[in-house]
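According to the working numbering, the sequence shown is numbered sequentially starting from 23.
Ideal Cβ positions, reconstructed from N, Cα and C, are used throughout, including at glycine.
Written below as structure tokens is the structure these notes are about.
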Amino acid sequence: MPIADSDGTSIYYERHGSGPAILFVHGSGGHHTAWWQQVAALREEFTVVTVDLRGFGKSDSSMPEFDGQDFPGDVVAVLDQEDLADAMLVGQSIGSVAALRAALLRPERVGSVVLGHSLGGISHPELKELAAADRAQAVKLPVIDRLLTKRFQEERADLTFLFQQMGTFNVARMQDLRNLDTNGPSLDDIRDSGVKVAFLAGEKDAVLSVKTVTRAHELLAGSRLEIVPDAPHSMYWETPAKYNAAVAHLRRTLTAPKEAA
């Protein structure tokens with residue numbers, strides 16, 4: 023099975039299909055299999071890479087504790103192992119923080135980053151205040167209601183149950199990822215890297231509001247904004263057709279005009 027070495031830690035990943043590369047980075051309850059609806063839909067046109075961060079899925083989970091600051095290095099290890107160039111990293115929720123940091127560590131391998139339902143840990147006082155206000159509202163809801171709509175939970179009890187079961191395969195937990203956005207990149211850091219950034223948001227996201235994501239887009243010059251109607255925080259799971267269409271469109275159109283060396 024494919025394994026990348028991240029400073030002595032074994033990182034499991036999978037590669038499917040062929041064409042321009044898309045590498046998915048899961049959130050706190052996910053792992054490589056969470057992307058089953060994306061792999062099947064996108065592998066005919068794109069190289070689709072899925073990865074387990076340390077403590078998740080099949081990656082090394084033997085360490086006594088986990089540090090979110092190590093997760094970007096796990097993504098970098100896969101980029102290097104597969105010798106990818108001009109990859110598009112797609113993060114889900116807090117996985118977007120790891121994706122953005124990995125892109126800034128390897129801008130020669132990453133052309134663009136899609137921040138799914140996340141601000142990517144960008145260090146900016148106004149954005150931190152807006153995100154904190156959103157979180158204060160989100161924590162009033164049961165966890166499942168933050169991630170999937172009530173209608174989906176009622177109509178697709180089977181997929182809702184599977185969604186909840188996904189996280190039981192992980193050793194690392196949400197608290198292990200929280201420090202990922204400590205000392206996050208500034209707007210200038212992102213601009214200077216040459217990596218293009220897109221914000222992908224769901225209209226019904228109960229964790230991060232469209233208003234907050236729109237403001238981040240306004241502040242980050244040259245960024246793209248994709249808002250998907252009627253989509254929740256876990257859009258990739260509940261509305262995969264819309265999510266896949268948005269990701270495919272961004273991969274086809276989002277490029278980074280890098281300066282010649």
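Item to check | Limits of the alpha helix (DSSP H) - the one that His239 falls within | outcome: DSSP places His239 in the uninterrupted alpha helix (DSSP H) bounded by Val232 to Leu241.
Next on the checklist: Helix, strand or coil for Asp29? Go by DSSP, reduced to three states.
Outcome noted: Coil at Asp29, not helix or strand.
Checklist entry - What's the C-alpha gap between Asp156 and Pro251? => result If I take the Cα positions, the gap works out to 19 Å.
Item to check | Cα-Cα separation between Gln103 and Lys162, rounded to whole angstroms | outcome: Their Cα atoms are separated by approximately 42 Å.
Checklist entry - Does the stretch 25–39 come close enough to the stretch 57–72 to have 3 or more Cβ pairs within less than 8 Å? => result Yes, they touch.
Checklist entry - How many whole angstroms separate the CB atoms of Ser134 and Ala220, which I take to be in contact at a CB cut-off of 8 Å? => result Taking 8 Å as the upper bound for CB-CB distance, Ser134 and Ala220 are in contact here, some 7 Å apart.
Item to check | Inter-residue spacing [alpha-carbon to alpha-carbon] between Gly5 and Asp29 | outcome: Because the chain here runs from 23 to 283, residue 5 falls outside it and cannot be looked at.
Next on the checklist: As a quick exercise: from Ala238, Gly142, Ala125 and Gly189, pick the residue whose alpha carbon is nearest that of Ala107.
Outcome noted: The shortest Cα separation from Ala107 among Ala238, Gly142, Ala125 and Gly189 belongs to Ala125.
Item to check | Reduced DSSP secondary structure (H/G/I, E/B, other) of Glu225 | outcome: Residue state, collapsed to three classes: coil.
Next on the checklist: According to DSSP, is Ala283 part of a helix, a strand, or is it coil?
Outcome noted: Per-residue confidence for Ala283 stands at a pLDDT of 35, beneath the threshold of 50, marking its modelled position as unreliable; no derived number is given.
Item to check | Inter-stretch contact (C-beta, 8 Å, three-pair minimum) for the stretch 46–66 and the stretch 79–97 | outcome: Segments in contact, yes.
Checklist entry - Quick one: what does DSSP say Arg246 is sitting in, helix, strand or coil? => result It is a strand residue.
Checklist entry - Excluding the five sequence neighbours on either side, which residues of its own chain have a C-beta within less than 6 Å of the C-beta of Ala43, listed in chain order? => result By the criterion of a C-beta distance shorter than 6 Å, Ala43 is surrounded in its chain by Thr69, Leu106 and Ala109, once the five residues flanking it on both sides are discounted.
Checklist entry - Nearest CA to the CA of Val97: which residue from Glu87, Asp227 and Thr72? => result Cα-wise, what sits closest to Val97 is Thr72.
Checklist entry - Can you round the beta-carbon distance between Asp89 and Tyr35 to whole angstroms, since I take them to be within the 8 Å contact cut? => result 20 Å between Cβ atoms; not a contact.
Checklist entry - What are the boundary residues of the beta strand (DSSP E) that includes Gln103? => result Run containing Gln103: none in the beta strand (DSSP E); it sits in the alpha helix (DSSP H), Phe93 to Gln103.
Next on the checklist: What does the alpha-carbon distance come out to for the pair Tyr265 and His146?
Outcome noted: Each residue's CA atom was taken as its position, placing Tyr265 and His146 some 27 Å apart.
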